[in-house]
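Visitor: Below you'll find the structure I mean.
Protein chains: 2
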Amino acid sequence: MTAEIITIGDEILIGQIIDSNSAWISEQLNLIGVNVRQKSSVGDDKNHIINALDEASKRAQLIFITGGLGPTKDDITKSTLCEYFNTKLVFNEDIYKDVEGFFVIRKLPMLESNRMQAEVSENCEVIRNFKGTAPGMWFEKNGVQYISMPGVPFEMKAMMEDSILPLIKLRFKLPFILHRTILTHGLGESFLAQRIEEWENNLPNNLRLAYLPSPEHVRLRMSIYGDDEIQLQKALDEQEAKLKTYLSKEIYGFEKQTLEEVVGNLLKVNKATVSTAESCTGGNISHLLTSVSGSSEYYKGSVIAYSNEVKTNVLQVKLNDIESHGVVSEEVVIQMAEGVRKLMQTDYAIATSGIAGPNGGTNEKPVGTTWIAIAGKKKTWTKKFVYANDRNINIQRASYSALDSLRRILLDYI
Amino acid sequence: MTAEIITIGDEILIGQIIDSNSAWISEQLNLIGVNVRQKSSVGDDKNHIINALDEASKRAQLIFITGGLGPTKDDITKSTLCEYFNTKLVFNEDIYKDVEGFFVIRKLPMLESNRMQAEVSENCEVIRNFKGTAPGMWFEKNGVQYISMPGVPFEMKAMMEDSILPLIKLRFKLPFILHRTILTHGLGESFLAQRIEEWENNLPNNLRLAYLPSPEHVRLRMSIYGDDEIQLQKALDEQEAKLKTYLSKEIYGFEKQTLEEVVGNLLKVNKATVSTAESCTGGNISHLLTSVSGSSEYYKGSVIAYSNEVKTNVLQVKLNDIESHGVVSEEVVIQMAEGVRKLMQTDYAIATSGIAGPNGGTNEKPVGTTWIAIAGKKKTWTKKFVYANDRNINIQRASYSALDSLRRILLDYI
Chain A
5 MTAEIITIGD
15 EILIGQIIDS
25 NSAWISEQLN
35 LIGVNVRQKS
45 SVGDDKNHII
55 NALDEASKRA
65 QLIFITGGLG
75 PTKDDITKST
85 LCEYFNTKLV
95 FNEDIYKDVE
105 GFFVIRKLPM
115 LESNRMQAEV
125 SENCEVIRNF
135 KGTAPGMWFE
145 KNGVQYISMP
155 GVPFEMKAMM
165 EDSILPLIKL
175 RFKLPFILHR
185 TILTHGLGES
195 FLAQRIEEWE
205 NNLPNNLRLA
215 YLPSPEHVRL
225 RMSIYGDDEI
235 QLQKALDEQE
245 AKLKTYLSKE
255 IYGFEKQTLE
265 EVVGNLLKVN
275 KATVSTAESC
285 TGGNISHLLT
295 SVSGSSEYYK
305 GSVIAYSNEV
315 KTNVLQVKLN
325 DIESHGVVSE
335 EVVIQMAEGV
345 RKLMQTDYAI
355 ATSGIAGPNG
365 GTNEKPVGTT
375 WIAIAGKKKT
385 WTKKFVYAND
395 RNINIQRASY
405 SALDSLRRIL
415 LDYI
Chain B
5 MTAEIITIGD
15 EILIGQIIDS
25 NSAWISEQLN
35 LIGVNVRQKS
45 SVGDDKNHII
55 NALDEASKRA
65 QLIFITGGLG
75 PTKDDITKST
85 LCEYFNTKLV
95 FNEDIYKDVE
105 GFFVIRKLPM
115 LESNRMQAEV
125 SENCEVIRNF
135 KGTAPGMWFE
145 KNGVQYISMP
155 GVPFEMKAMM
165 EDSILPLIKL
175 RFKLPFILHR
185 TILTHGLGES
195 FLAQRIEEWE
205 NNLPNNLRLA
215 YLPSPEHVRL
225 RMSIYGDDEI
235 QLQKALDEQE
245 AKLKTYLSKE
255 IYGFEKQTLE
265 EVVGNLLKVN
275 KATVSTAESC
285 TGGNISHLLT
295 SVSGSSEYYK
305 GSVIAYSNEV
315 KTNVLQVKLN
325 DIESHGVVSE
335 EVVIQMAEGV
345 RKLMQTDYAI
355 ATSGIAGPNG
365 GTNEKPVGTT
375 WIAIAGKKKT
385 WTKKFVYAND
395 RNINIQRASY
405 SALDSLRRIL
415 LDYI
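This is how it looks when you write it as structure tokens:
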């Protein structure tokens, strides 16, 4: 089955935003065995949209359309689709209730323009939007499916996951593909490839491997093709078991787990609590830990100690050590971890001190130099990392290295 | 003058990479007054590439093509272009010297596949690549210009900046397009549209307006077309001045500024410092503030007070008030802000307490209920916000609302 994606919006054509929606949609479609043949981006212009629909319909059976469904005047996708499918907008009571509910929950007044969000094309299947006010619309014409979704990424993603992907799997016969994603931390892409070379060279022919690296981790995705689900599942289990012998400590999870969730679960299992004392990561570790629902069970709090006075006054770091070893040093990061552990009365404490950049580096301590400490009941573990030049990537890398260090300690790996 | 962009590569269609090249090319073209009408992405497939070229050539005078120029077997753009323009590859001595130089400088051996990089189409204008080994090629057919570039972003960007953009400006008469992006916080898209309706209805015909909303802000982008740069600049200035009378307090910045940068600059100008006491935002405000390089000048630190004990022990919130008013209450958030301001000895302090969700809501205090306080030298300001159901969006919204509240206080708006 072949799909095309059409993203609509002047902001894409003038380069003001990078179209990440179409990459995400492509990935999801590939996972269910739908092949994306072409992506097109056009502006908020009726004739350009119609032309793109015409061309795509000659090549694909499934056409995904994002953007241009908002309540403002520049959003013309809805009226254009009506013209294209020779139909008209009608007021939909059910969708109106969704839109109304959206405002009632937020205790916001509703405007006439919001009311118009409940107008949908007369001859489409309406897809509800649980995250926003613009509903999706699914049209069919000459055997081609056209699915219009909002351009706001989290609204589009929820609509795809909750409604559209399940409907596609239900309605169309797709080839059988199973995927398994293995999450690793601690080895860069090329070192990982070197470590698992033998395993990779012996993979069966119907199994494809992809490396997906980011500052958080390197994901390994196995995709296996065939007819017999049980056999495929068994083959994936076998390969996973073999892979684990090469990466016994690096694998932290599977599929869509996050490192912060895995660490949270380990803390729960150990009935342990955690706090953080952050300098270079500036609250990002705390932000990651608390982005997990239910984190209040194990996360108690943090001191973000950006200035030296906060380090000395609140965390009881010795001024003497800051002066003699520098603020980015093993001595200081140990005292930060132990200081916050005592202050917050937690079982474990994470501390970071580093030079996030782009300024502040020296020959001895270049930008990217970062000390991480984890204080526990019995001892405090430390390690120095040296990242690169990008401030925000350094903050991310240091945060995930710290979380992975705590994971390894909780599992008695270090 | 109208352009189209065709990006080539299977990795784009399976969603493994996000195509950022086309956004960058669009932005550069818009800045010189070239209008991008459509972008298309196709795989490494001869027929698909030829089809995309055919379609684009009916609509545009300038066609930019990226990707598929590498030395490996899956790269077929060069042979496909030769077939399309009915020509053949020839060995180019000058380009060979460039390729050779590339390996000599890096002290790397040259492979036969690298030598083939010096083969270019017989009837094109060759564009040198100073950052890599794949040269660019500029074709002309029936008055349409086709420009093929490598897909590696920094090679493509250097080629555009050093050769292609200057050549386009030299060879074609271009109109002027000017853009101005105005950043607002505090009004949702539809409320903003209502507020500025009168202004929007009276915009000149050659000016287009776009609304670009996100949890951080709503951006308003004006695009104006014409010949006389000075006149256009004046028209944008005029409209911006008029718009400011409708949105005197909501506009916080322009173009690519972020709210955290704007707040940081205001703190610098006021020689003021800030700290945060975060419950529901869990360190995200601190993370945003410290993501700005140089933030140590005004940001001193934070207490992330997730548990009640941290609120009472570290921030000196009265247990009595937590018990009688609840932890998500005006009373508690005031004490958090004043507590951290005292502890960190800062001029201002931001505090948040809310129910990020998805659990923990009640009838009286549904998920999304958030109290924000800003403590200053003389008084403490508070406000209650009610967001929606998505935990991570609630954290983002609360963080940006808090930053915007501090901005308004620093500007004496509230």
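The listed protein sequences derive, respectively, from chains A and B.
Letter by letter, the first sequence follows residues 5 to 418 in our numbering.
Letter by letter, the second sequence follows residues 5 to 418 in our numbering.
Each residue gets a CB set at the ideal place from its N, CA and C atoms; glycine is no exception.
1) Less than 6 angstroms between C-beta atoms, sequence neighbours within five positions excluded: which residues of the same chain meet that for Val318(A)?
2) For the pair the stretch 376-384 of chain B and the stretch 336-353 of chain B, tell me if three or more CB-CB distances fall below 8 angstroms.
3) Alpha carbon to alpha carbon, how far is Ile200(B) from Leu247(B)? Give it in angstroms, no decimals.
4) Taking 8 angstroms as the CB-CB limit, is Ile109(A) close to chain B?
5) Check Lys275(A) in the structure and name its three-state DSSP category.
6) Between Ala27(A) and chain B, is any beta-carbon pair separated by less than 8 angstroms?
7) With Leu57(B) as the anchor, note down where its alpha helix (DSSP H) starts and where it stops.
8) Apply the 10 Å Cβ neighbour rule to Asn51(B) and answer buried if 16 or more other Cβ atoms are within range, or exposed otherwise.
9) Since I believe Met5(A) is in contact with Leu93(A) (beta carbons under 8 angstroms), could you give me their beta-carbon distance rounded to a whole number of angstroms?
10) Exposed or buried, which one is Leu323(A) when buried takes at least 16 other CB atoms within 10 Å?
11) Where in the stretch 106-190 of chain A do unbroken runs of the alpha helix (DSSP H), each at least 4 residues long, occur, reported from the N-terminal end onward?
12) Compare the Cα-Cα distances from Leu240(A) to each of Met226(A), Pro217(A), Leu251(A) and report the closest residue.
13) Under a Cβ-count criterion, where at least 16 other Cβ atoms within 10 Å of its own Cβ denotes burial, should Ser252(A) be classed as buried or exposed?
14) Report yes if the CB atom of Val344(A) is closer than 8 angstroms to the CB atom of Ser357(A), and no otherwise.
15) Within the same chain, show all residues whose beta-carbon is closer than 7 angstroms to that of Ser1(B), passing over the 5 residues directly before and after it, in chain order.
16) Going straight from the alpha carbon of Leu293(A) to that of Thr386(B), what length do you get?
17) Are the C-beta of Glu31(B) and some C-beta of chain A separated by less than 8 angstroms?
18) Does the beta-carbon of Gln320(A), which I'm using as the reference point, lie nearer than 7 angstroms to any heavy atom of the ligand NAD?
19) Which two residues bound the contiguous alpha helix (DSSP H) that contains Ala377(B)?
20) Sort out for me which residues DSSP pairs Lys82(B) with in a bridge.
21) What residue ranges within the stretch 281-364 of chain B form continuous beta strand (DSSP E) runs of no fewer than 3 residues, ordered along the chain?
22) How about Gly287(B): is its C-beta nearer than 8 angstroms to some C-beta of chain A?
23) Put Ala392(A) into one of helix, strand or coil per three-state DSSP.
24) Could you tell me the alpha carbon to alpha carbon distance between Asp394(A) and Trp375(A), rounded to whole angstroms?
25) Go through its chain and collect everything with a Cβ distance to Phe68(B)'s Cβ below 6 angstroms, but skip five positions before and after it.
26) Is it buried or exposed, Ile172(A), if we count other Cβ atoms within 10 angstroms and call 16 or more buried?
27) For Val108(A), count neighbouring Cβ atoms within 10 angstroms of its own Cβ and tell me buried if that reaches 16, exposed if not.
28) From the DSSP output, in three-state form, read off Val38(A) for me.
29) Should Ser333(A) go down as buried or exposed, given a rule of 16 or more other Cβ atoms within 10 Å for buried?
30) Who are Lys68(A)'s beta bridge partners in DSSP?
31) Should His291(A) be flagged as near chain B, meaning a C-beta pair shorter than 8 angstroms?
32) When you check each C-beta in the stretch 220-235 of chain A against every C-beta of chain B, which residues fall closer than 9 angstroms?
33) Can the beta-carbon of Thr188(B) be found closer than 8 angstroms to that of Leu224(B)?
34) Would you mind telling me which residues of chain A sit closer than 8 angstroms to Gly190(B), beta carbon to beta carbon, in chain order?
35) Take the Cβ of Tyr404(B) as the centre, count every other Cβ of all protein chains shown within 10 Å, and call the residue buried at 16 or more, exposed below.
36) If we ignore side chains and look at the alpha-carbon of each, how far apart do Asn206(B) and Gln243(B) end up?
Guide: Put simply:
1) The residues are Val307.
2) yes
3) Leu247(B) and Ile200(B): Cα-Cα distance of roughly 7 angstroms.
4) yes
5) coil
6) yes
7) 50-63
8) exposed
9) Actually they are not in contact, since the Cβ atoms of Leu93(A) and Met5(A) sit about 30 angstroms apart, beyond 8 angstroms.
10) exposed
11) 116-119, 157-163, 169-175
12) Met226(A)
13) Around the CB of Ser252(A), fewer than 16 other CB atoms lie within 10 Å, so the residue is classed as exposed.
14) no
15) One cannot answer for residue 1(B) here, as it falls past the ends of chain B, which runs 5 to 418.
16) 27 angstroms
17) Judged by the 8 angstroms Cβ criterion, Glu31(B) is in contact with chain A.
18) Absent from the structure shown: the ligand NAD. Ligands present: none.
19) Here Ala377(B) belongs to no alpha helix (DSSP H); instead the beta strand (DSSP E) covers 373-379.
20) According to the DSSP secondary-structure assignment, Lys82(B) is paired through a beta bridge with no residue.
21) Counting only runs that start and end inside the stretch 281-364 of chain B, the beta strand (DSSP E) elements of at least 3 residues fall at 303-309, 352-358.
22) yes
23) Here DSSP, grouped into helix, strand and coil, assigns Ala392(A) to coil.
24) 17 angstroms
25) Ile9, Ile29, Ile151
26) buried
27) exposed
28) coil
29) buried
30) Here the sequence assigns Phe to residue 68(A), which means Lys is not the residue at that position. According to DSSP, which records beta bridges pairwise, Phe68(A) is partnered with Ile9(A), Ile151(A).
31) Yes - at least one Cβ of chain B is within 8 angstroms of the one on His291(A).
32) Residues of the stretch 220-235 of chain A with a Cβ closer than 9 angstroms to any Cβ of chain B: none.
33) yes
34) By Cβ distance, chain A contributes nothing, its closest Cβ being about 13 angstroms from Gly190(B), past 8 angstroms.
35) buried
36) 10 angstroms
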